[in-house]
DNA sequence: TCGCTCGGTGAACGGTGTTTACACAGTTGA
DNA sequence: TCAACTGTGTAAACACCGTTCACCGAGCGA
């Protein structure tokens, strides 16, 4: 297993230390404080040494982005464990609530990952942020979609202009779910469902970004009721059975 | 009227030139390119001279923010002129579409104003971004709320925890509308309506930010159908009469 | 053991925000 | 009219930044 030579292990350790230090600076003092020299200072080395590990500050920030997404993933996934697999709506709610909590607790990281203009993405390779979060979301949604009795999208027709995009995305969803070992019955993953994922994501992101950036049209003392209301409305619109109150799991009082 | 002395006029001119140059740099090369020295260079001045006009780079950026909001205001308001005052839903749609168009055409400005973490706002004075955009939105919403026959919010009860905040905001809305010369009949501005404004804003911002930042869970070729669908769904949920197709006003084909 | 790669250094270049001391035009007041 | 003052600009300097370059030494593989 440990194919790594001593050198490789040392290198991996330093790489991790660098990203961790960068992350700490980001959290503590914001994106602009993530400085090569500050990182080096913290690690007891000089700034040019960092170029042995990352091509540029920008590249390092990208790596930090990936770390953040991995952490987000690691925080969202266990949020599922607390909810029975037979309560799909409860699982979706749990993930949404966990995402909001994470964003409010890590505004700088949220901004870096979710509110920076699209990088040009030099050709091959998709943006990591999308894929990482997509991974988590897909994982959750996968469980929901596989439990057909729980998810009955209304039969609203989908906008015709969106059809091709949705079909393409459905294929990607199928692949991702297959990778995770989830087989999707053939007729199950309707375009309606894919379309609903989009709607959830728009509202989830909208609310959370507004709350993190303090950009509600007026200062809300507590946005949590608004968030909870949004979730239940989404659930109703999505055709979830309204019987289950979806186990609010004692949201810590802010 | 021209109480201003010669000096004051010159000063105002230079201030405008500075902000305009900063704005051009922002648009052309992003926020990090807005450099005191670059601005000074463009103006044929030295950097320290800028400190005669703004206390710091940060203060200048705030001023640029206000300029941007003023421009946004100036672009949204005339979007109303094209739509009859007797078509309130059409007016709301017009403003929403204009906001999206503006954001897509000015991503750097959008990011600066709407996707930066809340500034601490040193005590007095609210954040300008909020108030500026609020101003436009309020102006539009004002017309809608004053035409009661067009706006019939469902009688869903509002989350109890939101009640106090909504009441406070309703008061601010009343004041703002009164300033604009719009008298709101007493029983008209229900809490339901205020709550719906929040819902519109969450979805509008969510969609536009995701589109500008390229953070949809998969690459959409064209997000406009999704946007249009969202608007109509919002209209239905808000209790607007669905008869009027709300005059799509020939959206230019991207 | 020889040589080579890897990870580090220090110096340097050009850029940045910001402060300071200074100069000088234009306005203001006696 | 002439002095004082105010506003606007400058140059120099400080501390910091990303990045490049030449160098160097320890440790590893042959």
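Protein chains in written order, with my numbering: chain A, 1 to 254; chain B, 1001 to 1254. Note that CB positions come from ideal geometry on N, CA and C, so glycine has one too.
For residue 38 (chain A), same chain residues with a beta-carbon under 7 Å away, outside a window of 5 residues either side, are 25 in chain order. Relative to the Cα of residue 42 (chain A), the nearest Cα in the group A:17, A:62 and A:91 belongs to A:17.
Contact note: residue 1198 (chain B) reaches chain A through 216, 217 and 226, using a C-beta cutoff of 8 Å and chain order. Neighbours of residue 205 (chain A) in chain B, taken as residues whose beta carbon is under 8 Å from its own, are 1206, 1209, 1210 and 1215 in chain order.
For residue 1190 (chain B), the closest Cβ of chain A is not nearer than 8 Å. Listed in chain order, the alpha helix (DSSP H) runs fully inside the region 1068 to 1120 of chain B are 1088 to 1105 and 1107 to 1114, counting runs of at least 4 residues. Membership of residue 224 (chain A) in the alpha helix (DSSP H) is indicated by the continuous run 224 to 237. Interface criterion met: the Cβ of residue 115 (chain A) is under 8 Å from a Cβ in chain B.
The alpha carbon of residue 1078 (chain B) has as its nearest neighbour, out of B:1065, B:1111 and B:1096, the alpha carbon of B:1096. The Cβ of residue 1222 (chain B) sits closer than 8 Å to at least one Cβ of chain A. When A:216, A:15 and A:70 are compared, the shortest CA-CA separation from residue 50 (chain A) is found for A:15.
For residue 1229 (chain B), the chain A residues whose C-beta falls within less than 7 Å of its own C-beta are 159, listed in chain order.
In terms of beta-carbon proximity, residue 73 (chain A) stays away from the interface with chain B, with every pair separated by 8 Å or more. If you check the CB distance, residue 1173 (chain B) and residue 1195 (chain B) do not come in under 8 Å.
Taking 8 Å as the cut-off, the Cβ atoms of residue 1226 (chain B) and residue 80 (chain A) do not count as close. No Cβ of chain A is located within less than 8 Å of the beta carbon of residue 1102 (chain B). Considering only B:1086, B:1240 and B:1159, the residue with the shortest C-alpha distance to residue 230 (chain A) is B:1159. Going by C-alpha positions, residue 55 (chain A) is about 15 Å away from residue 11 (chain A). A direct Cα-Cα distance of roughly 20 Å separates residue 1221 (chain B) from residue 116 (chain A). Under the DSSP assignment, residue 50 (chain A) falls outside any alpha helix (DSSP H); it carries neither an H nor an E label.
Excluding residues up to 5 positions away in sequence, 102 lie with their Cβ nearer than 6 Å to the Cβ of residue 75 (chain A) in the same chain. Contacts between residue 1172 (chain B) and chain A, judged by CB atoms closer than 8 Å, involve 218 in chain order. For residue 1107 (chain B), the nearest beta carbon of chain A is closer than 8 Å to its own beta carbon.
The beta carbon of residue 40 (chain A) sits closer than 7 Å to those of 46, 47, 49 and 50, all from its chain and outside the five residues before and after it, given in chain order.
When secondary structure is reduced to three states using DSSP, residue 1220 (chain B) falls in the coil class, being assigned neither helix nor strand.
Residue 191 (chain A) sits away from residue 215 (chain A), with the two beta carbons spaced by 8 Å or more. Interface flag for residue 1202 (chain B) against chain A is set, since a Cβ pair is found closer than 8 Å.
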